[in-house]
Amino acid sequence: NVQTRCKRSVLRLLSFWYIQPRYCSNAANTGVTSRESRTSVLLDKFRTQLSSGPGFQDFITGVSVNKSNVTAGGEDSEKHAYLSEDLGSGKSRKVYFETYGCQMNVNDTEIAWSILEKKGYQRTADLTEAPQLMETNISHDREKAEQTIWNRLQQLTAMKKKRLKSHAPMKIGILGCMAERLKTELLEREKLVDVLAGPDAYRDLPRLLTVADGGHQASNVLLSLEETYADIMPVHYVPQGNSAFVSIMRGCDNMCSYCIVPFTRGRERSRPVSSILEEIRMLSDQGVKEVTLLGQNVNSYRDMSEEQFYGSDMTKLSRGFKTVYQTKQGGLRFSDLLDQVSRIDPDMRIRFTSPHPKDFPDEVLHLIAERGNICKQIHLPAQSGSNQVLKAMRRGYTREAYLDLVENVRRIIPEVSLSSDFISGFCGETEDDHQQTLSLIREVGYNVGFLFAYSLRKKTHAYHRLQDDVPAEVKQRRLEECISVFREEAVRVNTALIGSTQLVLVEGESKRSAKDLCGRTDGNMKVIFPKDNVALEPAESQTGPINAGDYVLVKVGFDHNTVGYYLNTDILCQ
1 NVQTRCKRSV LRLLSFWYIQ PRYCSNAANT GVTSRESRTS VLLDKFRTQL SSGPGFQDFI
61 TGVSVNKSNV TAGGEDSEKH AYLSEDLGSG KSRKVYFETY GCQMNVNDTE IAWSILEKKG
121 YQRTADLTEA PQLMETNISH DREKAEQTIW NRLQQLTAMK KKRLKSHAPM KIGILGCMAE
181 RLKTELLERE KLVDVLAGPD AYRDLPRLLT VADGGHQASN VLLSLEETYA DIMPVHYVPQ
241 GNSAFVSIMR GCDNMCSYCI VPFTRGRERS RPVSSILEEI RMLSDQGVKE VTLLGQNVNS
301 YRDMSEEQFY GSDMTKLSRG FKTVYQTKQG GLRFSDLLDQ VSRIDPDMRI RFTSPHPKDF
361 PDEVLHLIAE RGNICKQIHL PAQSGSNQVL KAMRRGYTRE AYLDLVENVR RIIPEVSLSS
421 DFISGFCGET EDDHQQTLSL IREVGYNVGF LFAYSLRKKT HAYHRLQDDV PAEVKQRRLE
481 ECISVFREEA VRVNTALIGS TQLVLVEGES KRSAKDLCGR TDGNMKVIFP KDNVALEPAE
541 SQTGPINAGD YVLVKVGFDH NTVGYYLNTD ILCQ
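As structure tokens, this is what we get:
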């Protein structure tokens, strides 16, 4: 408390000034007594004046003093008197969000909007409504995506300058990972934004926006060891409202050499299970048919929020995998959370992303196999098929251990759909390393893949310790070869589904034709089928239209024009 500290400092100064020399004679002692008496009177008078005089809040322009908020001891009560009650209030100002990058950014937008909505802001989905405030939540992973954001910021800055002539000032803000990583460039060098908020600073957004409204740049990119936004109920902004994403943990401890997540989103911390279950129950009551659990390393979830979760059990890893950190002890694990989530609503599909291959012990795989509403689709990011490259990436496993995991997954979950990530042209990757990656793609046979050319990121282990020595044209050529091989294998794997009947959750109208609908299977494969009335029950003559959010039984055929997309329908499953 500033006021209390000021009082104590003044009193210490007074004590210093009134220290008196000691005398030996009685006459002198009488003088000392008299002086001490006068000193005591002066001190009492000064304390009275100080307690009734101006406080810190009196020196803030436009803030009314409320002395009832100050306790007798001089300490502030819960409501700070020096803060205006409407500080950070949105006052019905409009905010426009543009979200780029991974699904965690979408969830971050929902959290940020929940915070701003409670402060009185209004959200607009139409940029032409000229919102007073613009927030852009972006990712950090890929160089091409990042360049897209820089280009967009240039466009918004030009729009902002034009608007100054005819409207209230527009404020541009950046939320998320890029705000933390490029704060200097964004605020000082390029001067393109008014507000920066890192992934752990969304609670501070109302204050930051108030500062920006005063004509100043505002920034908070501090990372936290505890922040999970457990008490913030995200506002799910899904147009059709049939699927939702629920964040269960934040940050990452894996420290892969190419990855910047630990430096932009911080260390791992898990959201309390009670908060997660409450949100999913709410979504179920709203009619949501599919929930995806989110985290940078989602299956390393470990809730330590309650004493009953403490224990001596060590975290179990997939066989043959290891970590750069010491084995963790105790906590409610991912298998426990997945078990409780899947029991909330048997008709609600449960997915999770993005996992790490190291965190798939058998109990997680058996649970997926046993529960009908946990989707039989697993993402196993391999990144490379070369042991040399995997070691340089600090992935914690070998090619052989990865293939053993794939075999174990398919043994326990026979109809599983697999997807993966691959990086082409990582530091030191040779042509032989590249060929080993191609052979891994062929050997596993994935349904879906996400493939990228490597782009160096500051702050990472690779940036400080490795040489980005693969030429750009070589990276691109290797990437194209990986994509080609992946497509060949995907056609082979997905062709096996022809003639089978799949349960599809309808997402809505197909983008390629207004006469078609689209949806996804349990294995997360996209299906295109005609927008026809279908039987409401098998072997019944009564028919009805298919709507978004319905489950439909689809007999699969193959569309030769679009690899991986499927065709043909028929029965609506109620």
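Residue 300 in the UniProt record's numbering sits at position 300 of the sequence shown, and the numbers go up by one each step.
Don't be surprised by glycine CBs; every beta carbon is placed ideally from N, CA and C.
No experiment lies behind these values; they were computed from the predicted model shown.
Within the same chain, and ignoring the five residues on either side of L153 in sequence, the residues whose Cβ sits closer than 6 Å to its Cβ are L192. The beta carbons of S284 and M348 sit closer together than 8 Å. The Cβ-Cβ distance between D359 and L317 falls below 8 Å. Annotation: I280 to R351 spans about 13 Å, alpha carbon to alpha carbon. In its chain, beyond the 5 residues on either side, D200, G266 have a beta carbon closer than 6 Å to the beta carbon of L223. Partner residues in the beta bridge of K526, as assigned by DSSP, are R520. When Cβ pairs closer than 8 Å are counted between the two stretches, the segment 447-464 is seen to touch the segment 251-265, the count reaching three or more. Rounded to the nearest whole angstrom, the CA to CA distance from K161 to S270 is 42 Å. DSSP, read as helix, strand or coil, puts H216 in coil. The DSSP-derived three-state label of M233 is coil.
Out of Q388, Y446, R399, the CA that lies nearest to the CA of R410 is found in Y446. Going by DSSP, V341 is part of the alpha helix (DSSP H) stretching over 334-344.
Collapsing the DSSP output to three states places R267 in coil. Burial is judged here by how many other beta carbons sit within 10 angstroms of a residue's own beta carbon; K171 has at least 16 and is buried. One alpha carbon belongs to L127, the other to Y96, and they sit about 7 Å apart. Among the bridge pairs identified by DSSP, R47 is matched with none. Contact between the segment 174-184 and the segment 104-117 is present: 3 or more CB-CB pairs across the two stretches fall below 8 Å.
Per DSSP, I111 is one residue of the alpha helix (DSSP H) stretching across 103-118.
In this structure S335 is buried. Its beta-carbon is surrounded by 16 or more other beta-carbon atoms within 10 angstroms.
For the 8 Å CB-CB criterion, G428 and L466 form a contact. Within the DSSP secondary-structure output, Q377 pairs in a beta bridge with S417. For E443, the closest of E407, E473, Q476 by C-alpha to C-alpha distance is E407. Taking a 10 Å sphere around the C-beta of L440, we find 16 or more other C-beta atoms and assign the residue as buried. Q122 sits in a strand when the DSSP states are folded into three classes.
For I350, the uninterrupted beta strand (DSSP E) segment begins and ends at 349-353.
K183 sits in a helix when the DSSP states are folded into three classes. Between Q502 and V554, the CB-CB gap stays under 8 Å. The beta carbon of T124 lies closer than 8 Å to those of K94, V95, Y96, P131 in the same chain, with the five residues before and after it left out. Remark: C-beta atoms of R395 and H434 do not approach each other more closely than 8 Å. The beta carbons of E507 and R520 sit closer together than 8 Å. For Q329, the closest C-alpha among the options F321, T315, V341 is that of T315.
Taken through DSSP and simplified to helix, strand or coil, S247 comes out as strand. Closest in C-alpha terms to M304, from the list S342, F321, I248, comes I248. At a Cβ-Cβ threshold of 8 Å, L405 and P357 count as neighbours. Under DSSP, the beta-bridge partners assigned to L451 are F422. The beta carbons of S354 and Q296 sit closer together than 8 Å.
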